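Enquirer: Numbering of the sequence shown is given in the numbering used here, commencing with residue 10 and proceeding in unit increments.
For every residue, glycine included, the Cβ atom is placed at its ideal position computed from N, Cα and C.
Being a predicted model, the structure only gives us computed values, none of them experimental.
Sharing a structure below in structure tokens format, with a few things to ask.
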Amino acid sequence: MVTLLTTTFTPLDFLAVILLGLAWALSSWVIEHPPKGRASVTILMRRYRHDWMAEMLTRQPRIFDSTILSSLRQGTTFMTSASMIAVGGVLAIAGNAERLDSIVMGVGIEGHPVAFWQLKLSVVALLLTHAVFKFIWSNRLFGYCAVVMASVPNDPDHPDAAPRAQQAAELNIRAAMNFNRGLRSVYFAFAGLGWIVGPVGLILAVVVTTRAVLSREFASTSRGVLLED
Numbered sequence: 010m011v012t013l014l015t016t017t018f019t020p021l022d023f024l025a026v027i028l029l030g031l032a033w034a035l036s037s038w039v040i041e042h043p044p045k046g047r048a049s050v051t052i053l054m055r056r057y058r059h060d061w062m063a064e065m066l067t068r069q070p071r072i073f074d075s076t077i078l079s080s081l082r083q084g085t086t087f088m089t090s091a092s093m094i095a096v097g098g099v100l101a102i103a104g105n106a107e108r109l110d111s112i113v114m115g116v117g118i119e120g121h122p123v124a125f126w127q128l129k130l131s132v133v134a135l136l137l138t139h140a141v142f143k144f145i146w147s148n149r150l151f152g153y154c155a156v157v158m159a160s161v162p163n164d165p166d167h168p169d170a171a172p173r174a175q176q177a178a179e180l181n182i183r184a185a186m187n188f189n190r191g192l193r194s195v196y197f198a199f200a201g202l203g204w205i206v207g208p209v210g211l212i213l214a215v216v217v218t219t220r221a222v223l224s225r226e227f228a229s230t231s232r233g234v235l236l237e238d
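Below is the structure:
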């Protein structure tokens, strides 16, 4: 393995992979800990989730709230299934890497050992696997949120009503945060596919993906709409 790394991969390959890891980790940190005065969409939505649970206290019946939460859980279930299928697809390609090598060779790139492609695909598989775990945990947190919401007394003046509504809001926020982390892992997994065409392809894919992820959080139309309130 060491021989393969030193003889087949170039310093630019290692630099590209490090850039992928840093972009993935730092973009999440910046989104969840944005600069003062420049809140991300993720942070702005926290207030709305608290407001949602505050409104739930006086809404009778609470069918609307349960419907929204059900749709959120369906989203996490779908993304979990899709990511698991994607992981299986990547592993299937890795198990038949000779075909991938022949496809790439068709565009003028020299052939490489099977382990060469398997190492590249393992980066994609790891990111997708991380996404699966995050989506599963997000689904479970939304489930916790549903239980806590159901425990909120119908009487808004009950001493347990407001505290439990806030607990539900915090669980909802944690669920959404994990869901967003899973989405970012999927985004950067797609960027990892750029390594198939070489380190330059990976670097370009990381730059484009990072820009897309950050722009949606800090320079999107949806952010402007949330700031209008």
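Output yes or no for whether 8 Å exceeds the beta carbon distance between I52 and K129.
Expert: Not closer than 8 Å, so no.
Enquirer: Take the Cβ of Y57 as the centre, count every other Cβ of all protein chains shown within 10 Å, and call the residue buried at 16 or more, exposed below.
Expert: By the neighbour-count rule (16 or more Cβ atoms within 10 Å), Y57 is not buried but exposed.
Enquirer: Are the CB atoms of A174 and L81 nearer to each other than 8 Å?
Expert: Cβ atoms of A174 and L81: not closer than 8 Å.
Enquirer: Out of E179, F142, T76 and G203, which one is the CA nearest neighbour of V133?
Expert: Among E179, F142, T76 and G203, the Cα nearest to that of V133 belongs to G203.
Enquirer: Hey, is the segment 25-34 in contact with the segment 155-164, meaning 3+ C-beta pairs nearer than 8 Å?
Expert: No, the segment 25-34 is not in contact with the segment 155-164.
Enquirer: What first and last residue would you give for the alpha helix (DSSP H) that runs through L66?
Expert: That residue, L66, is in no alpha helix (DSSP H); it is neither H nor E in DSSP.
Enquirer: Out of S92, S224 and P208, state which residue places its alpha-carbon closest to the alpha-carbon of Y188.
Expert: A small correction: the amino acid at residue 188 is Phe; Tyr does not occupy that position in the sequence shown. Here the closest residue by C-alpha is S92.
Enquirer: With a 10 Å radius around its C-beta and 16 neighbouring C-beta atoms as the bar for buried, classify Q97 as buried or exposed.
Expert: Checking the sequence shown, residue 97 turns out to be Gly, not Gln. The residue in question, G97, is exposed, as its Cβ has fewer than 16 Cβ neighbours within 10 Å.
Enquirer: At the level of alpha carbons, what is the spacing between P168 and G233?
Expert: For P168 and G233, the distance between alpha carbons rounds to 37 Å.
Enquirer: Going by beta carbon distance, what residues of the same chain come within less than 7 Å of V26, once the five residues before and after it are set aside?
Expert: Excluding positions up to five away in sequence, the list reads V132.
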